[in-house]
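Student: Residue numbers (this note's numbering), protein chains in the order written: chain C, 67 to 396; chain E, 52 to 239.
All C-beta atoms in this analysis are idealised placements derived from N, C-alpha and C, irrespective of residue type, glycine included.
Here you go, one structure.
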Amino acid sequence: MNDNYHVFSDGRLERHNDTVRLVTDEGEKKYLPIENAEALFLHGQIDYNTRLMSFLNDEGVAAHVFGWNDYYAGSIVPERGQTSGRTLVEQVRSYDDPDSRLSIARAFVAGSIHNMRANVSYYHNRDHDFESVIDELERIGDGLDEAGDVSELMGMEAGARRAYYSTFDAILPEGFVFGGRQYNPPSNEVNSLISFGNSLVYANCVSAIRATALDPAVSFLHEPGERRYSLALDIAEPFKPVLADRVIFRLLNRGQLTTDSFEEDLNACLLTETGRKTFSKAFEETLDRTVEHPRLDRKVSYQYLLRIEAYKLKKHLLTGEPYEPFERWW
Amino acid sequence: MSTETSSIDPVEKLLATARDEALDDEFHVTGVMMQYYEVCERELWFVSRHLEIDRDNVAVVRGTRVDDSAYEGKRRNVSIDGTIAIDVLEDGRVMEVKPSSSLVDPAKLQLCYYLWYLDRVVGVEREGVLAHPTERRQETVELTDERVEWVEESIRGVHRVVTSDTPPPAEEKPFCESCAYHDFCWSC
Ligand code: SF4
């Protein structure tokens, strides 16, 4: 269940009997076991036809397309999954009520700052001095209640992120200079990794939301319409430090990705196919990691935490019970 | 609770609606609602709102998975007023299958509700039988005064829960573990 399959080669994806078959440009044939799949991640240049699309739709498997510039290009999302008029009505009502929208948006930012701080603390406790950044993140986190509207909140979140990113150059090994966030297209290796990692988090949030009858286009922190599935942008926020950034640090610090894993392309610095494979593998391993959930009383995977987040939001919208964002507790 | 309906006793209202269909009340108490009420009021609220949760991931909602093919042929399914659907045995008794030994009370309440409905609305007195496919023993259930009281209090309870704007808070119960809403309630 809930497996993601990453396809890196260029070629043609087709339905073959009751399976999906990849025919690479070299004529090689591979079969994808999609019965248990949550989603396909297409990284190469892939051709497909409507027959494949309706098959994926019937099987309830999404396809996330990763292009070149900022990596994420779009998703083909099956219709299956839940629909509920009531959920949509409550979601829109909540979006439309400034106080309600603000409090949900604040939760996403609070979760995000908490998890950034957890990362900084981790490296602070292992031969770095990030005292001032930790204080800064704490100060911004404590001040979130003062935000009068969502754009103020966005400003605070941007400030927190700047402080957080200021630690990256010290954490990362020699040879990698970050300098600050630049995207679309990413200008250097670290920016490239952040873009790629964030887009993987985002695509997994799209999958998680699909299971809940929440409308992925109605969001709270981000403006609806910023992307097709702007709610996935909201939910991704607290998860980026835990899912994407830690993978980046790990791969670079262990030398599993080097400057050779990137290529320059029209002012953009992009991961090579091998680089993407390495990253995706480590990312999927992270999704599969489990942690003891204190309330559910069992181990849950990091991937399931995304699903839980969607449940929690839906529950808040339908019952009015408070929404507490995901904050790393381990 | 909505204020306009709370002035009339839900039991009186249900009887009035059932006897005179011109009184169109949206509040229909089904047997399954009674069962949920007894199991968990929060679950009843979720179900009454058609709040479905991720079916492919969790066990099928409780009670619907019993294999009751053992009783095939000896019973007829009868629908009354489009509100309640009951299984009537050859000898005229009303049968309810209990899914498991931990769910005796919910199944019994459902059965008593049917007996009560037949008595008060249709005007026929019947006996009930509570059965479990894997157990030989069947339990006979009669509508005593005490059970009438139980049914009527439960109708009021169901009414209170489904007309409420918010669900009763989650409370850890032995049923939670097998509940389709488990992760929904406890992910916090
Ligand atoms: S998980 Fe427990 S509290 Fe929640 S609806 Fe189910 S039985 Fe009720």
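Please report the distance separating the alpha-carbon of residue 320/C from that of residue 390/C.
Tutor: Taking the straight line from one Cα to the other gives about 35 Å.
Student: Mind listing the chain E neighbours of residue 150/C? Cutoff is C-beta to C-beta under 8 Å, in chain order.
Tutor: Listed along the chain, the chain E residues whose CB falls inside 8 Å of the CB of residue 150/C are 101, 102 and 103.
Student: Only counting the same chain, and skipping five residues up and downstream in sequence, which positions put a Cβ closer than 7 Å to that of residue 371/C?
Tutor: 392
Student: For residue 132/C, name the three-state secondary structure that DSSP assigns.
Tutor: strand
Student: Along chain E, in chain order, which residues have C-beta atoms closer than 7 Å to that of residue 361/C?
Tutor: 237, 238 and 239
Student: Measure how close the beta-carbons of residue 346/C and residue 356/C come, nearest whole angstrom, since I'm counting them as under 8 Å.
Tutor: Not really, about 20 Å apart at Cβ, beyond 8 Å.
Student: Indicate whether at least one CB of chain E lies closer than 8 Å to the CB of residue 390/C.
Tutor: yes
Student: Within 10 angstroms of its Cβ, does residue 179/E collect 16 or more other Cβ (buried), or is it exposed?
Tutor: buried
Student: Around the ligand SF4, which residues pass a check of Cβ closer than 5 Å to any of its heavy atoms?
Tutor: 91/E, 93/E, 94/E, 221/E, 226/E, 227/E, 230/E, 232/E, 233/E and 236/E
Student: Whole angstroms is fine: what's the gap from residue 219/C's alpha carbon to residue 163/C's?
Tutor: 16 Å
Student: Buried or exposed for residue 183/E, please, with buried defined as at least 16 other CB atoms from any protein chain shown within 10 angstroms of its CB.
Tutor: Burial call: buried.
Student: Starting from residue 356/C, follow its DSSP beta bridges and name the residues at the other end.
Tutor: Beta bridge pairing from DSSP links residue 356/C with 367/C.
Student: Assuming residue 169/E contacts residue 175/E under a Cβ cut-off of 8 Å, what Cβ separation, rounded to an integer in Å, is found between them?
Tutor: 5 Å
Student: If distances are taken between C-alpha atoms only, which option among 68/C, 91/C, 70/C and 189/C comes closest to residue 76/C?
Tutor: 91/C
Student: Please classify residue 332/C: is it buried, with 16 or more other beta-carbons within 10 angstroms of its beta-carbon, or exposed?
Tutor: exposed
Student: I'd like the span of the beta strand (DSSP E) that includes residue 210/E, first residue to last.
Tutor: Where residue 210/E is concerned, there is no enclosing beta strand (DSSP E), although the alpha helix (DSSP H) it sits in stretches over 196 to 213.
Student: Name the residue from 122/C, 78/C, 354/C and 189/C whose alpha carbon lies nearest to the alpha carbon of residue 234/C.
Tutor: Taking each of 122/C, 78/C, 354/C and 189/C in turn and checking the Cα distance to residue 234/C, the smallest one comes out for 189/C.
Student: If we require 4 or more residues per run, which alpha helix (DSSP H) segments fall completely within the segment 280 to 366 of chain C?
Tutor: 296 to 302, 312 to 319 and 339 to 354
Student: So if I threshold CB-CB distances at 7 Å, which residues from the segment 212 to 237 of chain E count as touching chain C?
Tutor: 217, 218, 234, 235 and 237
Student: How do the segment 277 to 286 of chain C and the segment 371 to 381 of chain C stand: do at least 3 beta-carbon pairs fall below 8 Å, yes or no?
Tutor: yes
Student: Taking the beta strand (DSSP E) that residue 218/C falls in, what are its first and last residues?
Tutor: Looking at the DSSP string, residue 218/C is not in any beta strand (DSSP E); the run it does join, the alpha helix (DSSP H), is 216 to 231.
Student: What are the residues in the segment 347 to 373 of chain C lying within 7 Å of chain E by C-beta distance?
Tutor: Residues passing the 7 Å Cβ filter: 361 and 362.
Student: Distance check for residue 111/C and residue 88/C, CA to CA, integer angstroms please.
Tutor: Here the alpha carbons of residue 111/C and residue 88/C stand approximately 12 Å from one another.
Student: Would you say residue 68/C and residue 125/C are within 8 Å of each other, going by their C-beta atoms?
Tutor: Cβ atoms of residue 68/C and residue 125/C: not closer than 8 Å.
Student: Let me check one thing: in DSSP terms, what residues is residue 146/E bridge-paired to?
Tutor: Residue pairing by DSSP places residue 146/E opposite 138/E and 180/E in a beta bridge.
Student: If the cut-off is 7 Å on Cβ atoms, which residues from the segment 376 to 390 of chain C count as contacting chain D, listed in chain order?
Tutor: In the structure shown, chain D cannot be found, because the protein chains are C and E.
Student: Taking 8 Å as the limit between beta carbons, can you name the residues of its chain near residue 203/C, skipping five residues before and five after?
Tutor: 179, 182, 183, 186, 226, 229 and 230
Student: Name the DSSP beta bridge partners of residue 140/C, please?
Tutor: 131/C
Student: Quick check: what's the CA-CA separation for residue 229/E versus residue 224/C?
Tutor: 43 Å
Student: Could you check what DSSP says for residue 80/C in three-state terms: helix, strand or coil?
Tutor: strand
Student: Could you tell me whether the Cβ atoms of residue 317/C and residue 267/C are closer together than 8 Å?
Tutor: no
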